[in-house]
Every structure is written in structure tokens, then in C-alpha cells.
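Protein chains: 2
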Amino acid sequence: MTEIERKFLVLNDTYKTEAFAQKRITQGYLNSEPERTVRVRTKADKGYLTIKGESNASGTTRMEWETEITLADAKQLLAICEKGIIDKTRYEVKAGNHTFEVDEFYGDNAGLVIAEVELTDENEAFEKPEWLGQEVTGNERYYNAYLSQKPFTTWK
Amino acid sequence: MTEIERKFLVLNDTYKTEAFAQKRITQGYLNSEPERTVRVRTKADKGYLTIKGESNASGTTRMEWETEITLADAKQLLAICEKGIIDKTRYEVKAGNHTFEVDEFYGDNAGLVIAEVELTDENEAFEKPEWLGQEVTGNERYYNAYLSQKPFTTWK
């Protein structure tokens, strides 16, 4: 029930040719506060409800609870979410023993691409693909919940 | 996925002797806004996560989505809820073809007792027990989400 991950910007789109899978994601928030984020997601043909607590000081670790729900339920719950539905494609890319999830955003967040890698402990080493850019772990502006309220295209 | 119910105050505690079951409930909110209420509940030895949308004009009908979760998960989620955990005993009382749920509140809501009956349509008739008091359907002050933020003992 704890998620440890690091997050990076992406330098170019070569990750697309390396991806072994890609899925369309739409997601909204029943609460976008970082202390108690409640997310509704459709991912390909499945639905998910996910609850996250506050991050630790370094921003790597966060309580996460998730359950699969029907696609129909997810759509009905998306309809009562806060304004600011996020639309993106998630590419999965292998690098050594890890899989990076690379999110290419659309709509109000177009132009933004974020790569995440999940770790089993905060200091675990991992292979860095050549397209991996600046680390943004713990920067709340890159939280999807934040992006739903203050989209990338509105940033100064 | 739609809940139709009417809500009443209670005149005396004779409902207790008529009850065929009673269970202790604790509940908190990941979002207490009426437009997108997200509730975490423990009820006896089970856990539940419930999401409700906005009510219709008469206050009787509300979108409701619920899933059972483990008691351990419910306790972990209660720990990240907004301040204002609600503690109550729910008594179940038969009256004709319906079952009333009568909630006796403790703690900051001590002194408050609310009875609810679930209907299959808004105009369905139902038998009124002699202990049933004033109707408060649609009065947001009696929503548990509201009571978690503005408890009964703080009302003027």
C-alpha cells in the first residue's frame, strides 16, 4: 500500500519506438488535494479508483490504494469529478530491470511528457534511457492532480 | 447506482427495543463536498468505500456507488480522511414492508438521532413508526458529510 517512484521530464520522442505497449488514459479527480487524492481512471477498456495520501519529504513515497472498477462505473464517476479531466497516452518502455511509464499528455496539457519508474526502495539503482531528462520527483506541479487544476499550457 | 431515501428526526428511543440488528459504524470523508462525497466506513467488522453525487431538487435522490473493502484498508484510509470522524450505532427496525435505519450518534454529534428509509421511487408510500419525527430530507445540515465538519453539538 506504499508506492515508491521517481519522475522525470523527457528529452525527445525516441521512447515511442522503444515502447512495448501503449494505452489511452482519461482521469479525473473526486479530490485533487495532495493529502487525500481520489482519482477515477479509464485505461484502455478498464476502470480504476485510486486513493493516494501525502508524499514523504523527498516526494518518492506515497500511500496508494487502488481497486479495479467497471468501465461503465468509471465513466459515471468521471461525470461528477472536479473540472479538469486529463487525457494522455501511456507508453511502457523497458530499461534494464525496470519499466518506465511515459505519459504523453493531450488537450490543456499538450506538450508535456513525463516518465516514471517504480522502485522497491528509495535508493534502488536503475538504468537511465538516453531520452530521460531532468528529474522532477516531488515537484507538485507535475502531479496529475495539480495538472488537472493548472494545466501545462497555462504555465508561465 | 441511484439511491432514493427519506430522512427523519426521531421522537424517543423506543426504536431500540424494536430493532432486529445493530452495528457500530465509524466513517470519515476523503471529500465532504455534496457534489462529490467520498466516504470511508467501518461497519461492524467490514469496510466500505462509497461515492455520492449531488442530490436532486427534493433531496430524495442521489447517485451512489459503493464497494466493500477490507477492514484494514478502511482503517488505513480513515487515517488520511478530513478531520471529523463520525461514530454512531445503526439500528435496523422493520416497519411494514420497509426497514428503517436509525443512527444514534456519539462524540461531537451526541444527542442526534436520524432515521432513514430507502424507497424504490420518490413517491412510494411507507408505514410511519410512532417514534418517527420531523422530516429532514434534503436538509444538508443532516448530511453525515456536513455533520463531520459542523457537528450537532456545535449548532446554535
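These protein sequence lines map, in sequence, to chains A and B. If you count by this note's numbering, then the first sequence holds residues 26 to 181, one letter each, in order. If you count by this note's numbering, then the second sequence holds residues 26 to 181, one letter each, in order. C-beta: ideal position from N, C-alpha, C; glycine also.
Beta-bridge pairing of residue i - partner residues as DSSP gives them
i	result
B:T27	B:M88
A:A46	A:E117
B:N169	BP columns for B:N169 are empty, so no partner.
B:Q52	B:R66 and B:I111
B:Y73	B:R66 and B:E93
A:S80	A:R87
B:T194	Residue coverage of chain B in this structure runs from 26 to 181, which leaves residue 194 of chain B outside it and unanswerable.
A:K32	A:E141
A:F124	Phe is not the amino acid found at residue 124 of chain A; the sequence shown has Thr there. Its beta-bridge partners are A:K119.
Residue of the options minimising C-alpha distance to residue i
i	options	result
B:F151	B:I139, B:E28 and B:G121	B:G121
A:Q52	A:I29, A:I76, A:V35 and A:N37	A:I76
B:R31	B:F130, B:T95, B:H123 and B:W180	B:H123
B:S83	B:E147, B:R166 and B:W180	B:E147
B:I110	B:F33, B:D133, B:Q47 and B:E143	B:D133
A:E89	A:I139, A:T67 and A:T27	A:T27
B:R66	B:K41, B:V35, B:T42 and B:D98	B:D98
A:I105	A:L172, A:V63, A:T114 and A:D38	A:V63
A:P154	A:E91, A:E141, A:V161 and A:G72	A:E141
B:P176	B:E143, B:L137, B:L144 and B:V161	B:L137
A:E149	A:R49, A:T85, A:S80 and A:N37	A:T85
A:E117	A:F45, A:L36 and A:L34	A:F45
B:R61	A:S173, A:V127, A:F125 and A:Q101	A:Q101
A:T95	A:A69, A:R87, A:G78 and A:L34	A:A69
B:K71	B:Y131, B:K48 and B:A170	B:K48
A:G158	A:W180, A:S173 and A:F125	A:F125
A:Y23	A:Y73, A:L103, A:L34 and A:Y40	Here chain A has residues from 26 to 181 only, and residue 23 of chain A is not among them.
A:T42	A:R87, A:V127 and A:S80	A:V127
A:Q174	A:S57, A:T162 and A:N81	A:S57
A:A170	A:T145, A:K181, A:E79 and A:R115	A:E79
A:Y40	A:E129, A:T162 and A:N164	A:E129
Distance between beta carbons of residue j and residue i, contact taken as under 8 Å
i	j	result
A:Y167	A:P59	A:Y167 to A:P59, Cβ: 12 Å. No contact.
B:I50	B:K113	5 Å
A:T178	A:A135	6 Å
B:E160	B:I29	The pair is not a contact, with the Cβ atoms about 14 Å apart (cut-off 8 Å).
A:L36	A:W156	5 Å
B:I139	B:L34	7 Å
Selection of the segment 54 to 74 of chain B by Cβ proximity to chain A, strictly under 7 Å: L55, N56, E60, R61 and V63
Going along the chain, which residues of the segment 75 to 102 of chain B sit with their C-beta nearer than 8 Å to a C-beta in chain A? I76, G78, E79, M88, W90, T92, I94, D98, Q101 and L102
Return the residues of the segment 101 to 118 of chain A that lie within a Cβ-Cβ distance of less than 9 Å from chain B, sorted by chain order. Q101, L102, A104, I105, C106 and E107
Please specify which runs of the beta strand (DSSP E), each continuous and at least 3 residues long, are wholly inside the segment 129 to 162 of chain A, giving them in chain order. 138 to 143 and 157 to 160
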